[in-house]
Amino acid sequence: MFAVHYAGKTDRGLRREHNEDAYSVRHGTLGGFVVADGLGGHAGGEIASQLAVESIDESLLEILKDLSRETETEELETSVLKAMGKANDLVRDRAKKDAALTGMGCTLLTAIVYESRATIAQVGDCRAYMWTAETLTQLTTDHTVVADMIAKGTLDPEQAQHHPYFHVLERAVGIETDVRADVRTIDIHAGDRLLLCSDGLWNMLDDDQLSAILSEREDTERCVTHLISEANHMGGEDNITVVLVDIGEDA
Ligand code: CA
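For what it's worth, my numbering labels the leading residue of the sequence shown as 684, then goes sequentially.
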């Protein structure tokens, strides 16, 4: 079992009037982390992301309570996907009850860090990155029209940022009856830094900029603050949310 240090912070950024991001590290000591981003232009984005985070948090507590060394990866992944489905139902039910909230949704990312593994589930375009052995790897796939076009080879990655559909999501929580979330489990090692963030961070800072800050090895909280201030320095065009989980030596 590794000693885990974590910190989370959200910031409105410099251009938006509201912060529609939400996050939770409430169950961080047990290894549960969540980030969500309310859908821009939709009514109630703020409510959707908050509801989704609260719902996942509740499910995480149940999941984490029952986790043991014997828990199979597949079993854990199934539980996390179920939790995403539950959050989806909750957001949809709430939207049905209030006409002003019709069409609200959010992106959702959750990570469970347990023993020597991390299980990550996401829908939308929040990202999880792993900084390991001085190398940054993106663990999640964006569910955007543009990311899909790049994967199919119909769009040059360099042109992506200027594409008119750059911000258009293909999947989100609250939109369809069944949410289509991705889930994966990776091995973790002492010294790894697991970064969870909303698009307000990665739209402002590219991989090299993220790597430069993570490689400075500031303490967890300071690094989170540094990432957010740098995203604001680069324009702060959207709400910025960062959760950083540092994997320490064996406890
Ligand atoms: Ca955003």
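No residue lacks a Cβ here, since even glycine has one placed at the ideal position from N, Cα and C. Note that this is a predicted model, so its numbers are computed, not measured.
Asked	Found
With DSSP collapsed to three states, give me the class of T824.	coil
Can the beta-carbon of G768 be found less than 9 Å from the beta-carbon of C789?	no
If distances are taken between C-alpha atoms only, which option among R695, L734, N771 comes closest to I935?	Residue 935 is absent from the structure shown; the chain starts at 684 and stops at 934.
Answer yes if the stretch 740-756 comes into contact with the stretch 837-850, meaning at least three C-beta pairs across the two stretches below 8 Å, and no otherwise.	no
Take the Cβ of D861 as the centre, count every other Cβ of all protein chains shown within 10 Å, and call the residue buried at 16 or more, exposed below.	exposed
Which of the three DSSP states is assigned to R876 in this structure?	strand
Just to confirm the assignment, what range does the beta strand (DSSP E) spanning M787 have?	From DSSP, M787 is part of no beta strand (DSSP E); its letter is neither H nor E.
Any heavy atom of ligand 1 inside 8 Å of the beta-carbon of N922?	yes
What does the Cβ neighbour count give for G836, buried or exposed, with the cut at 16 atoms within 10 Å?	exposed
Using DSSP with H/G/I as helix, E/B as strand and the rest coil, what is M917?	coil
Would you list the one or two residues that DSSP bridges to M767?	Note: M767 sits in no beta bridge, so no partner.
Measure the CB-CB distance between E901 and H909 and report whether it falls below 9 Å.	yes
Can you name the residues that DSSP bridges to K692?	V925
What residue ranges within the stretch 791-862 form continuous beta strand (DSSP E) runs of no fewer than 3 residues, ordered along the chain?	800-806, 810-815, 818-821
Assuming A719 is part of the beta strand (DSSP E), what are its boundary residues?	715-721
Quick one: give me the first and last residue of the beta strand (DSSP E) that V736 is part of.	Note, V736: premise wrong, no beta strand (DSSP E); alpha helix (DSSP H) at 728-749.
Suppose you measure from the CA of H916 to the CA of H710; what does that come to, to the nearest Å?	31 Å
Measure the C-alpha to C-alpha separation of S707 and V736 and round it to an integer number of angstroms.	7 Å
Given this structure, state the Cα-to-Cα distance separating C880 from V925, to the nearest angstrom.	5 Å
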